[in-house]
Structures are given as structure tokens and as C-alpha cells.
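Asks: Per UniProt numbering, the sequence shown starts with residue 1, numbered consecutively.
The structure under discussion is supplied below as C-alpha cells; questions concerning it will follow.
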Amino acid sequence: MKISCKNVGVILPIFNSSHRSFKKTFLQAASGGRIGSSNTGIIEVEALKKIDLTLTEGNRLALIGHNGSGKTTLLRVLAGAYKPTSGKYECIGRVTSLIDPMMGMDGELTGLENIKLRGLFLGLSKNEIKNITEDVIEFSELGDFIKIPVRTYSSGMVLRLGFSISTAINPEILLMDEWMSVGDSDFKRKAEMRLNSFISKAGIMVMATHDDELAKSVCNKFIRLEHGEIVSKGGF
1 MKISCKNVGV ILPIFNSSHR SFKKTFLQAA SGGRIGSSNT GIIEVEALKK IDLTLTEGNR
61 LALIGHNGSG KTTLLRVLAG AYKPTSGKYE CIGRVTSLID PMMGMDGELT GLENIKLRGL
121 FLGLSKNEIK NITEDVIEFS ELGDFIKIPV RTYSSGMVLR LGFSISTAIN PEILLMDEWM
181 SVGDSDFKRK AEMRLNSFIS KAGIMVMATH DDELAKSVCN KFIRLEHGEI VSKGGF
């Protein structure tokens, strides 16, 4: 297992509503398409600058910084959602992301169908998905609701389903955006226990946070970001 960023930079485009859809242009830019020049009306924002980072098995890295410092953008690069505009990113190992535990779910599908869909999104085989299904159903406490469309769920039910799916596997490389809090007090207690166990199984973990004390309690390394740049780094 290994993560390597060498001089990684990310430029994100911002443009007005008179131009083609944000989704189409943003996806093009994020996947290596040409970013518009000034005569297109697109403003370029340098979200990450010259990021150098190497992680190996046993590393628990905290990304520390205020909102807008580049923490989530870097996590999305590590997750493969953003392609660097410059530099090189390499990842050896299967990445599990808790940036958004509901990513890859479809409201028109049942809870059971979403277990299969999100499992595929996480890179699981059909056999691996089959093996986690009963655990997800039991832990999420959805009962017969697992058989009806997710669009009928409350926000708490959707979060419980997404969390249960995401934490049902043994992660190699785990990415987290802040510490997760899930559901009411009873469910939250058992979710905390599951999350701690889940994290302990990860070969590499990267967690974005603005809480220095939390970072020290669960991580052994840190980098501090400001305006998309690493301003300090070290160990705990």
C-alpha cells in the first residue's frame, strides 16, 4: 500500500450561467480536459499548489486547516475524483472514502439495490457484496424499509444505510472528511464503536479536520494546509 503525490496542483474552473453546464465543464476539467482561457469567461482557481506527500502502511495522516484551505480538494484527489492539473499522483491499494458516505446511491432504487450499487462503486466484487449484505441490513436497523426506494427514507435513515455500507468492508486506504456523527444517541454509540474498529483495520488513513486535538488522538502524522499549500508538516 502506498500513496504518492509529487508536485501536485489542481486548478478548478468557475464560470457563469451563460456558458455550458457547470457539471459538463467541471467534469471535463477534472478529467484532464482543457481549462478555458479568459475569453471564455471562465475564472481559474488554484485549489492545490505543489503538494508533495508519501504515505505507506501504518501511516495515519491528519490534514489540518481552516475551511477553504484545500483539505477536501486533496482528499478528492486521493480518492481519484479529481485529476491533478499538474504533478503526479500514484496510489497502490484499494481506496475506501468516507468523504460522502451516500456517494453512489440512487434514490429511486431500494435499500437492498443500493447496497449492491454502492458496493460496486466501492470496487467490491459481486461475491464481496453478497457477503456484506446481511451485516449492512442488520447494522443499519432499517428492517423492511430495506425493500423500498431510498427516496422514501428520512435523511437519518439514508445516512445510516450509507454509513453501514461504507464501514462493512476492511479498508486498505481510508479517506475521511472530518469525524463522522451518525443518527440518534443509541445508534450513534454503536456507530462510534464500528467506526473505531473500521479505522483500526485500515493500512493507511487520511482524515481532514480543523480539530488539532482530534488529529493528535487518532493520527501519527499531519500536514497543515493554507490556501491550497502545505505550510507545515510533522509527526505526533
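Positions of the beta carbon are idealized from the N, C-alpha and C atoms, including for glycine.
From what residue to what residue does the alpha helix (DSSP H) around Phe-163 run?
Replies: 155 to 166
Asks: Distance, Cα to Cα, Met-207 vs Tyr-89?
Replies: 18 Å
Asks: Around the Cβ of Lys-71, are there at least 16 other Cβ atoms within 10 angstroms (buried) or fewer (exposed)?
Replies: buried
Asks: Measuring straight from C-alpha to C-alpha, what distance separates Gly-36 and Ser-86?
Replies: Per-residue confidence for Gly-36 stands at a pLDDT of 46, beneath the threshold of 50, marking its modelled position as unreliable; the derived number appears in the next sentence. Straight-line Cα distance between these residues: approximately 16 Å.
Asks: I'd like to know whether the C-beta atoms of Ala-168 and Val-218 end up nearer to each other than 9 Å.
Replies: no
Asks: The alpha helix (DSSP H) spanning Lys-2 covers which residue range?
Replies: That residue, Lys-2, is in no alpha helix (DSSP H); its beta strand (DSSP E) goes 2 to 14.
Asks: Out of Ile-223, Lys-201 and Pro-101, state which residue places its alpha-carbon closest to the alpha-carbon of Glu-57.
Replies: The shortest C-alpha separation from Glu-57 is found at Lys-201.
Asks: Can you tell me which residues form a DSSP beta bridge with Phe-222?
Replies: Ala-62 and Gly-234
Asks: Pairs of beta-carbons, one from the segment 168 to 177 and one from the segment 95 to 113, closer than 8 Å: are there three or more?
Replies: By the C-beta criterion, the segment 168 to 177 is judged to be in contact with the segment 95 to 113, since at least 3 inter-stretch pairs fall below 8 Å.
Asks: Under the three-state reduction of DSSP, which class applies to Ala-47: helix, strand or coil?
Replies: strand
Asks: With the cut-off set at 9 Å, would you say Ile-199 and Leu-174 are in Cβ contact?
Replies: yes
Asks: Thinking Asp-212 and Ile-64 are a contact (beta carbons under 8 Å), I'd like their distance in whole angstroms, please.
Replies: 6 Å
Asks: For Ser-155, tell me which candidate among Met-102, Leu-117, Thr-110 and Lys-126 has the shortest Cα-Cα distance.
Replies: Met-102
Asks: Which residue's Cα is closest to the Cα of Arg-151: His-210, Leu-122 and Glu-108?
Replies: Checked all of His-210, Leu-122 and Glu-108; the closest Cα to Arg-151 is Glu-108.
Asks: Where does Ser-38 sit, in a helix, a strand or coil, going by DSSP?
Replies: At Ser-38, the pLDDT of 45 sits below 50, so the modelled position is not reliable and the matter cannot be decided from this model.
Asks: How is the alpha helix (DSSP H) around Val-77 delimited, first residue to last?
Replies: 71 to 79
Asks: Measure the alpha-carbon distance for Leu-55 versus Cys-91 and round it to whole angstroms.
Replies: 10 Å
Asks: What are the residues that DSSP puts in a beta bridge with Thr-96?
Replies: Leu-174
Asks: Please say whether Asp-100 and Leu-117 have beta carbons closer to each other than 9 Å?
Replies: no
Asks: Kindly give me the distance between the Cβ atoms of Thr-73 and Val-10, rounded to whole angstroms, as I take these residues to be in contact under 8 Å.
Replies: 6 Å
Asks: At the level of alpha carbons, what is the spacing between Lys-2 and Lys-50?
Replies: 19 Å
Asks: Along the chain, where does the alpha helix (DSSP H) that runs through Ile-199 open and close?
Replies: 185 to 201 is the span of the alpha helix (DSSP H), which, as asked, contains Ile-199.
Asks: Within the same chain, show all residues whose beta-carbon is closer than 8 Å to that of Asn-7, passing over the 5 residues directly before and after it, in chain order.
Replies: Lys-50, Ile-51, Asp-52, Ser-86, Gly-87 and Lys-88
Asks: Between Leu-112, Glu-229, Gly-235 and Lys-188, which has its C-alpha nearest Leu-48's C-alpha?
Replies: From the listed residues Leu-112, Glu-229, Gly-235 and Lys-188, the smallest Cα separation to Leu-48 is found for Glu-229.
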